[in-house]
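Numbering (our numbering), first residue to last: 959 to 1373.
By construction, the Cβ of each residue, glycine as well, lies at the ideal position given by its N, Cα and C atoms.
Worksheet: the structure to be examined is printed underneath.
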RNA sequence: GUGAGUGUAGCUCAACUGGCAGAGCAUUGGACUGUGGCUCCAAUGGUUGGGGGUUCAAGUCCCCUCACUCACCCCA
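This is the structure in structure tokens:
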């Protein structure tokens, strides 16, 4: 029956939903620009190799979730995340540190859609390049927390962890292996696969028996090298200094390979299975990995759709414009109609024209159906008296306004 | 990629063990010729997602397929 339909996991956005997205984006710009971040717009597609290199060849994103396409024998991909592009742009344009970037835009991952998860989805993220001190880990989290409070999201759970550096992880992996060896038959097949590919992610498993086994397993957090441990402890101290309430989750890990040391997630109840609204961490090795200088960096991203699922429907920033319907009776009044419309549009009102050949009744009916706030009527009677008739469609109150004082009248009406 | 649930008019949903496809809302017209909403009357609207099978007979039972939703995987 339906010939054309949108691709799975994409959405058509209309009136209120678009307004809500715009409201969030606007707030993000205001807030983060006031904290020294500058907006950056990178392309929505990049060379595929950029993400393979940064996110990790063996991650699910790179292995099966990328929208790949080839043009002129070159491999491209619709970006699955924002960080790699920002670093690429920073390196390519030879910018200076420390640098703070804000990005806003769509990302693409070929996953099965679910509540709060789409194939084309919107992210707002910030990146702080060239700051390695633990103070900035805490500041990033504090910024995220304050922004979410600002847009009305007070109930949230902040979880943090440290996944150390490659050196910590190498030693820890051996220790974990010792513990798991005798039990490896009892964990689920997914976990056996995970252990081979990205062993930290076994802790993400939701299988009951797996979780019981992992509860007593050694944790990366308890096996950090001195520097990483010191860094982590300082992050926690600074978070306390910022009065941020957080939970240490020793099982918290990340799905992207480039993270080091601090990782964190902001979660919310009542979002269903996809309950993470914001996530990020430190990625001190990525800049060098992508061919830049050896600079410590950190950042996070939040999912706009997930935010909108839990925020109230009418965000305070959305102001409704007045909708005014113009009725003239007879085609000879079209020039008058155009004049009125110009006055309304100059004053930022919404103006919709009725069909001049139709009856007053049918035009009013249409004005009502599209939920006009006011109707302006001009016909023979008004022409004789030199007035416009203005009808309030909610109350039904109607008044005559002198044509020469109409502009002033509109100023008040649309203020 | 795996599993479960759902698909009937533009929308929200009915139709007992297989037996004439229905209601409310919306739309259009009229009651009502420069005054919308309310009320009343009437009309329009369907390949029951698509294909195949069983049956005298399928919206209903069986198989396949497509779409949506939720969950797994994974992630914002």
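Residues bridged to residue 1356 by DSSP? 1349
Could you spell out the range, first to last residue, of the beta strand (DSSP E) harbouring residue 1333? Note, residue 1333: beta strand (DSSP E), 1332–1336.
With residue 1246 as the anchor, note down where its alpha helix (DSSP H) starts and where it stops. 1244–1247
Local Cβ density within 10 Å of residue 962, reported as buried at 16 or more and exposed below that: exposed
Just to confirm, are residue 1009 and residue 1020 a CB contact at a threshold of 9 Å? Yes.
What is the DSSP secondary structure of residue 972, reduced to helix, strand or coil? coil
Residue 1172: first and last residue of the uninterrupted alpha helix (DSSP H) it sits in: It spans 1166–1173 - the alpha helix (DSSP H) in which residue 1172 sits, taken as one unbroken run.
If you draw a straight line from the alpha carbon of residue 1256 to that of residue 1333, how long is it in whole angstroms? 55 Å
My understanding is that residue 899 touches residue 1311, with C-beta atoms under 8 Å, so please give their C-beta distance in whole angstroms. No information on residue 899 is available, as it lies outside the stretch 959 to 1373 that the chain covers here.
From residue 1171 to residue 1145, what does the alpha carbon distance come to, in whole angstroms? Approximately 8 Å between the Cα atoms of the pair.
Could you pull out every residue in the same chain whose Cβ sits closer than 7 Å to the Cβ of residue 1094, ignoring the five residues on either side in sequence? Cβ neighbours of residue 1094 within its own chain (closer than 7 Å, five residues either side excluded): 1086 and 1256.
With 16 as the cutoff for other CB atoms within 10 Å, does residue 996 come out buried or exposed? exposed
Start and end of the beta strand (DSSP E) containing residue 1120? 1115–1120
May I ask you to report which of helix, strand or coil DSSP gives residue 1092? helix
Does the stretch 983–998 come close enough to the stretch 1093–1107 to have 3 or more Cβ pairs within less than 8 Å? yes
What are the boundary residues of the beta strand (DSSP E) that residue 1074 is part of? Note, residue 1074: premise wrong, no beta strand (DSSP E); not H, not E.
Tell me whether residue 1026 sits in a helix, a strand or coil according to DSSP, three-state version. strand
Own chain, CB closer than 6 Å to residue 1223, minus 5 neighbours either side, in chain order: 1117, 1234 and 1237
Could you name the residues of the same chain whose beta carbon sits closer than 6 Å to that of residue 1192, not counting the 5 residues immediately before and after it, in chain order? Excluding sequence neighbours, residue 1192 sits near 1092.
Between which two residues does the alpha helix (DSSP H) harbouring residue 1011 extend? 1006–1013
Identify whether residue 1064 lies in helix, strand or coil by the three-state DSSP scheme. strand
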